[in-house]
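In my numbering, the protein residues as written are 861 to 1276. A short worksheet on the structure shown next.
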């Protein structure tokens, strides 16, 4: 059951930031574990399963294709089951898929598991984003961006947990330890269900279009953001897929790789909460996504120009503090430019665009990494894509679909 407006404004109202933090269990699992922990486990899987880098990238492409399917259908699942129920069940399936990844080394079976996991985590992430966008029902202009940023900070939390748990789990086991890494992620994902269930039951139900309950979604105002999101998704995920493999190829030991991942995750949490929660709510037009793209691009450069732990940690700080501001900016733009009853559908379609980029990026980057230039050559693709993304983002203009006063009238939130 979702909370009514009266419950949200009562004297016993649960803290809005605490609800957002509970919902953050979704991106902890959806991206922190399912998507990004793969980078830590890739070197061991690559060595023991005798993969090419194209095959390794293909595994993330399978995950991203599933993500496209999940994102495209997430609004339908939210309408059919209710947002809270869709969020909780998709998170449960995601945990099961993480556990299943530890069971087999067969490439086709792993690709199928990654595909299903991609679909379920997309539903988790999209529906959770919409739930987070609905937590605040008051008039404070910048409050929603802060709550969305708390939700997005779950990604950094997941990365930190991965960086701590996976190296400790597989240390001493060599390349065979990757199975135990996935097992540990699955167990943690199951535990994450507890705060997620608690928070999902305390979010308001979605606004409705009107008496008929349906209104055709108009996405024209967000067209430049869609193109930007494809390019940004392809650029950032290529780095996240192969960065640990690059550090491994340079001879950095498991402890250094773990340190990189932990620093990246901590930077993500701090950057998302203290910097981007303010910037994304204040910058107009496409300035926030353009700025995000440029800084993420700068974050990729240290590991391409220099080798060693110092360069890796510098990259982790810059890249980590910024990359999750992309989804934050996209969610805030959807909230600002679309009517409230279209938020879930708008965020879902933006996530489809993001997923298309994430499907293409690792595969192309992997193919480039198998050539004479190695992984470094593949990662230069990230720099190019992020540069183009920044230019495209500047084409975005604020053209609200409804006047601000009509976007979230207090009476539009209904309990169902």
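Even glycine gets a Cβ: it sits at the ideal position worked out from N, Cα and C.
Where do the N-terminal and C-terminal ends of the alpha helix (DSSP H) with residue i fall, by residue?
{"i": "residue 876", "result": "876-883"}
{"i": "residue 1240", "result": "1234-1253"}
{"i": "residue 1125", "result": "1114-1130"}
{"i": "residue 907", "result": "897-908"}
{"i": "residue 1033", "result": "It is not in any alpha helix (DSSP H) - residue 1033 carries neither H nor E in the DSSP assignment."}
{"i": "residue 939", "result": "913-941"}
{"i": "residue 1100", "result": "1083-1109"}
{"i": "residue 1139", "result": "1137-1142"}
{"i": "residue 1147", "result": "1147-1165"}
{"i": "residue 1226", "result": "1203-1229"}
{"i": "residue 1192", "result": "1185-1197"}
{"i": "residue 1176", "result": "1169-1180"}
Tell me the rounded alpha-carbon separation between residue i and residue j.
{"i": "residue 880", "j": "residue 1131", "result": "17 angstroms"}
{"i": "residue 1221", "j": "residue 989", "result": "23 angstroms"}
{"i": "residue 1175", "j": "residue 917", "result": "21 angstroms"}
{"i": "residue 943", "j": "residue 1019", "result": "26 angstroms"}
{"i": "residue 875", "j": "residue 1129", "result": "20 angstroms"}
{"i": "residue 1082", "j": "residue 1192", "result": "12 angstroms"}
{"i": "residue 878", "j": "residue 1186", "result": "23 angstroms"}
{"i": "residue 914", "j": "residue 936", "result": "34 angstroms"}
{"i": "residue 1252", "j": "residue 1089", "result": "9 angstroms"}
{"i": "residue 883", "j": "residue 1178", "result": "26 angstroms"}
{"i": "residue 1072", "j": "residue 1202", "result": "Reliability fails at residue 1072, whose pLDDT of 40 lies under 50, so the model's placement of it is uncertain and the value that follows must be treated cautiously. Taking the straight line from one Cα to the other gives about 14 angstroms."}
{"i": "residue 921", "j": "residue 1099", "result": "14 angstroms"}
{"i": "residue 1053", "j": "residue 893", "result": "14 angstroms"}
{"i": "residue 1256", "j": "residue 1085", "result": "6 angstroms"}
{"i": "residue 1234", "j": "residue 1151", "result": "29 angstroms"}
{"i": "residue 1258", "j": "residue 1197", "result": "7 angstroms"}
{"i": "residue 1034", "j": "residue 1183", "result": "31 angstroms"}
{"i": "residue 856", "j": "residue 1204", "result": "Nothing can be reported for residue 856, as the shown portion of the chain is limited to 861 through 1276."}
{"i": "residue 964", "j": "residue 970", "result": "7 angstroms"}
{"i": "residue 1224", "j": "residue 1137", "result": "32 angstroms"}
{"i": "residue 1007", "j": "residue 992", "result": "6 angstroms"}
{"i": "residue 885", "j": "residue 1134", "result": "19 angstroms"}
{"i": "residue 1110", "j": "residue 1230", "result": "16 angstroms"}
{"i": "residue 1250", "j": "residue 1032", "result": "43 angstroms"}
{"i": "residue 1126", "j": "residue 994", "result": "26 angstroms"}
{"i": "residue 1070", "j": "residue 1199", "result": "Note on residue 1070: pLDDT 44, under 50, position unreliable in the model; the coordinate value appears next. Approximately 11 angstroms between the Cα atoms of the pair."}
{"i": "residue 930", "j": "residue 1101", "result": "20 angstroms"}
{"i": "residue 836", "j": "residue 897", "result": "Nothing in the structure corresponds to residue 836, since the chain is present only between 861 and 1276."}
{"i": "residue 1327", "j": "residue 1142", "result": "No statement about residue 1327 is possible, as the shown extent of the chain runs from 861 to 1276 and does not include it."}
{"i": "residue 907", "j": "residue 938", "result": "41 angstroms"}
{"i": "residue 1029", "j": "residue 1122", "result": "15 angstroms"}
{"i": "residue 1168", "j": "residue 1113", "result": "11 angstroms"}
{"i": "residue 829", "j": "residue 932", "result": "No answer is possible for residue 829: the residues shown for the chain start at 861 and end at 1276."}
{"i": "residue 925", "j": "residue 1217", "result": "10 angstroms"}
{"i": "residue 1236", "j": "residue 1228", "result": "9 angstroms"}
{"i": "residue 1091", "j": "residue 986", "result": "19 angstroms"}
{"i": "residue 1005", "j": "residue 1064", "result": "17 angstroms"}
{"i": "residue 1010", "j": "residue 1062", "result": "16 angstroms"}
{"i": "residue 1264", "j": "residue 1194", "result": "Low confidence applies to residue 1264: its pLDDT is 42, below 50, so where it sits in the model is not reliable, and the reading given next is rough at best. So the alpha carbons of these two residues sit roughly 13 angstroms apart."}
{"i": "residue 1027", "j": "residue 1080", "result": "46 angstroms"}
{"i": "residue 1173", "j": "residue 983", "result": "32 angstroms"}
{"i": "residue 912", "j": "residue 1158", "result": "28 angstroms"}
{"i": "residue 1074", "j": "residue 1166", "result": "Per-residue confidence for residue 1074 stands at a pLDDT of 44, beneath the threshold of 50, marking its modelled position as unreliable; the derived number appears in the next sentence. For residue 1074 and residue 1166, the distance between alpha carbons rounds to 54 angstroms."}
Meets three-Cβ-pair contact criterion under 8 angstroms: the stretch 1022-1029 and the stretch 1115-1125:
yes
So does the stretch 893-909 actually touch the stretch 1035-1043, counting three or more Cβ pairs closer than 8 angstroms?
yes
Would you call the stretch 1151-1165 and the stretch 1041-1053 touching, i.e. three or more CB-CB distances under 8 angstroms?
no
Give a yes or no on contact between the stretch 884-895 and the stretch 1011-1021, applying the rule of three or more CB pairs nearer than 8 angstroms.
yes
Does the stretch 1137-1157 touch the stretch 967-987, meaning 3 or more C-beta pairs lie closer than 8 angstroms?
no
Any 3 or more C-beta pairs closer than 8 angstroms across the stretch 1079-1097 and the stretch 1241-1251:
yes
Could you check whether the stretch 1045-1062 touches the stretch 945-956, counting it as contact only if at least three pairs of C-beta atoms, one from each stretch, sit closer than 8 angstroms?
yes
In the stretch 960-998, which residue ranges form an unbroken alpha helix (DSSP H) of at least 4 residues, counting only runs that do not cross its ends?
967-994
Below 8 angstroms, how does it come out for the stretch 1205-1214 and the stretch 1098-1109: are there three or more Cβ pairs, yes or no?
no
Runs of 4 residues minimum, wholly inside the stretch 1034-1060: which ones carry the alpha helix (DSSP H) assignment?
1038-1060
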